[in-house]
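The listed protein sequences derive, respectively, from chains A and Z. Taking our numbering, I'd label the letters of the first sequence as residues -17 to 204. Taking our numbering, I'd label the letters of the second sequence as residues 41 to 253. For glycine and all other residues, C-beta sits at the position ideal for the given N, C-alpha and C. Worksheet for the structure shown next.
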Amino acid sequence: MKNWWKALTVVLLLYVAVAGLLMPVPRLAILNESIRNLYFHVPMWFGMTAILVASVYYSVRYLRAPTPELDIKAHEAARTGILMGCVGLMTGSIWARFTWGAWWTNDPKLNGAAVAMLIYGAYLVLRSSFTDEQQRARVSAIYNVFAFAVAMPLFYILPRLTDSLHPGAGGNPAFARYDLDSDMRLVFYPAVIGWTLLAFWVAQLATRISVLKLKVYEKQIA
Amino acid sequence: MQKDFRLEWRQRAALNGMLLYVSSTVFVCYLSFSSRGGQLPAPAWNALFWIVLLFSAINAVAKGFLQESRGRMLYYYTVVRPQAVILAKIAYNALLLVGLALVAFTLYSVVLGNPVQNVPLFVGNVLLGAVGFAGTLTLVAGIAAKATNSSTLMAVLGFPLMVPMLLLLIKVSKNALDGLEFEASRNSLLTLLALNLIVGAVSYLLFPFLWRS
């Protein structure tokens, strides 16, 4: 079966939605039931990173041997990554409202993620400011690689240098050996896989639409 | 590469303009804060200093590519390797920004006071920052020069890309302001250095592709 991974995505995400909301979770101070956000918020960033890596991979391949398809793949993957990042920011923001009492706090992790989203927003602006397609493809591929190199430290290195209110830093309970109990793992790992696969699925569909549009456009010109 | 560097140096007409730009910005800051009387609080001093540097850096580096005529680009293309061009441009911009930063720092501390307690650390930090800005902005300027509305694009692309660097720089210079020991900021400085290297390496690898068009 060719589309086994799509079936897997559906099964995993259904499982995550049901089990994530109904399975028992450990009682931790402050977090309480909001710990279930772990199954939705954290996998977004995993999925985003995976899909952005794919985008950079296509950009590098485009630079080595340019074809319009590779450019479309890189673009749609980056767009999906931005979507995942935005959903990640939103789920985090809602969670913060009920756990910390504010939609947004001045925290290195939050700010890093927001700035990284700005970097990728600039990618979209850059794309829209070219008229020549080949030049747009090449320059945005270059920027994509560059942006990835600068944005990843924002996510994974800089927040670790400072104390943060965000779970997982500064002694706050979070995703770590000592407090992620085995019940949660049973849902968390499928959630990561499911959401990542969903990102790839979305990117694939978007790519297909764009390729079809390109073909229709070429037909019209011919 | 040396020759290329000299070519860059020859068109330094913008240099005086940049110096004037920095001095007038600093002076405007001074005038707008002098109405408050006394000294600026250290965090505000720090933030203002980096904002001045950020804007002058973006202006200074943007000139490098935008002013280049098509014919001269073509001439470079036939004469030298693209890697040499990007290295020369980064080196030139780094030198330019180091110069601008030092002038800005001197002027700034003359008119607004100098609360820095650990001057060597602060100056070292400013130097690292200038080099990092040059590395990031040179490629961004190259990218922006290809597009139609390049001056807007320069800001849109440049600012977010500089934020990681800027965060580290502000943190280290805050340490220097408070006179903390070197140990306190060593980690950040190392990360800054690594970030500079990453940015430089990526620019070096990517520029040949940009250059081809």
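Proximity test, Cβ basis, 9 Å: residue i and chain Z
i: arginine 120 of chain A; result: yes
i: alanine 60 of chain A; result: no
i: alanine -1 of chain A; result: no
i: alanine 151 of chain A; result: Any answer about alanine 151 of chain A is weak, because its pLDDT of 49 lies below 50 and its placement is not dependable; what the coordinates show is given next. By this cut-off, alanine 151 of chain A is not an interface position.
i: isoleucine 139 of chain A; result: yes
i: proline 135 of chain A; result: yes
i: glycine 103 of chain A; result: yes
i: alanine 47 of chain A; result: no
Residue i in three-state terms, based on DSSP
i: tryptophan 85 of chain A; result: coil
i: proline 48 of chain A; result: coil
i: glutamate 221 of chain Z; result: coil
i: methionine 58 of chain Z; result: helix
i: methionine 72 of chain A; result: helix
i: serine 212 of chain A; result: Any question about residue 212 of chain A goes unanswered here, given that chain A covers just -17 to 204.
i: methionine 5 of chain A; result: coil
i: asparagine 121 of chain Z; result: For the sequence presented, residue 121 of chain Z should be read as arginine rather than asparagine. Here arginine 121 of chain Z sits in coil by DSSP.
i: glycine 29 of chain A; result: helix
i: proline 248 of chain Z; result: helix
Environment of residue i [buried if 16+ CB atoms lie within 10 Å]
i: threonine 31 of chain A; result: buried
i: tyrosine 115 of chain Z; result: exposed
i: phenylalanine 247 of chain Z; result: buried
i: valine 174 of chain A; result: buried
i: isoleucine 101 of chain A; result: buried
i: proline 172 of chain A; result: buried
i: leucine 92 of chain A; result: buried
i: tyrosine 138 of chain A; result: exposed
i: tyrosine 160 of chain A; result: With a pLDDT of 45 at tyrosine 160 of chain A, under the threshold of 50, the modelled position of that residue is not reliable, and the figure given next carries that caveat. By the neighbour-count rule (16 or more Cβ atoms within 10 Å), tyrosine 160 of chain A is not buried but exposed.
i: glycine 153 of chain A; result: Residue placement at glycine 153 of chain A is poorly supported in this model, since its pLDDT is 43, which falls under 50; the coordinates still yield a value, given next. Answer is exposed; the Cβ neighbour count stays below 16.
i: proline 160 of chain Z; result: exposed
Residue i at chain A interface by Cβ criterion, 9 Å
i: leucine 207 of chain Z; result: yes
i: phenylalanine 249 of chain Z; result: yes
i: serine 213 of chain Z; result: no
i: threonine 178 of chain Z; result: no
i: serine 243 of chain Z; result: yes
i: valine 171 of chain Z; result: no
i: leucine 135 of chain Z; result: no
Counting Cβ pairs, one atom from each stretch, are 3 or more of them under 8 Å apart for the stretch 211 to 225 of chain Z and the stretch 91 to 102 of chain Z?
no
I'd like to know if the stretch 45 to 65 of chain A and the stretch 78 to 90 of chain A are in contact, where contact means that at least 3 CB-CB pairs between them fall below 8 Å.
no
Give the residues from the stretch 13 to 44 of chain A that approach chain Z closer than 7 Å (Cβ to any Cβ), ordered along the chain.
none
If contact is defined by three or more beta carbon pairs under 8 Å, each pair taking one atom from either stretch, is the stretch 193 to 208 of chain Z in contact with the stretch 129 to 140 of chain Z?
no
Is the stretch 114 to 121 of chain A close to the stretch 75 to 84 of chain A, with three or more CB pairs under 8 Å?
no
If contact is defined by three or more beta carbon pairs under 8 Å, each pair taking one atom from either stretch, is the stretch 56 to 72 of chain A in contact with the stretch 24 to 39 of chain A?
yes
Can you pull out the residues from the stretch 228 to 239 of chain Z whose beta carbon lies closer than 8 Å to at least one beta carbon of chain A?
Ser228, Thr231, Leu235, Ile238, Val239
Any residues in the stretch 49 to 82 of chain A with a beta carbon nearer than 7 Å to a beta carbon of chain Z? Which ones, in chain order?
none
Chain-ordered residues of the stretch 85 to 101 of chain A with a beta carbon less than 9 Å from chain Z:
Pro90, Asn93, Gly94, Val97, Ala98, Met99, Leu100, Ile101
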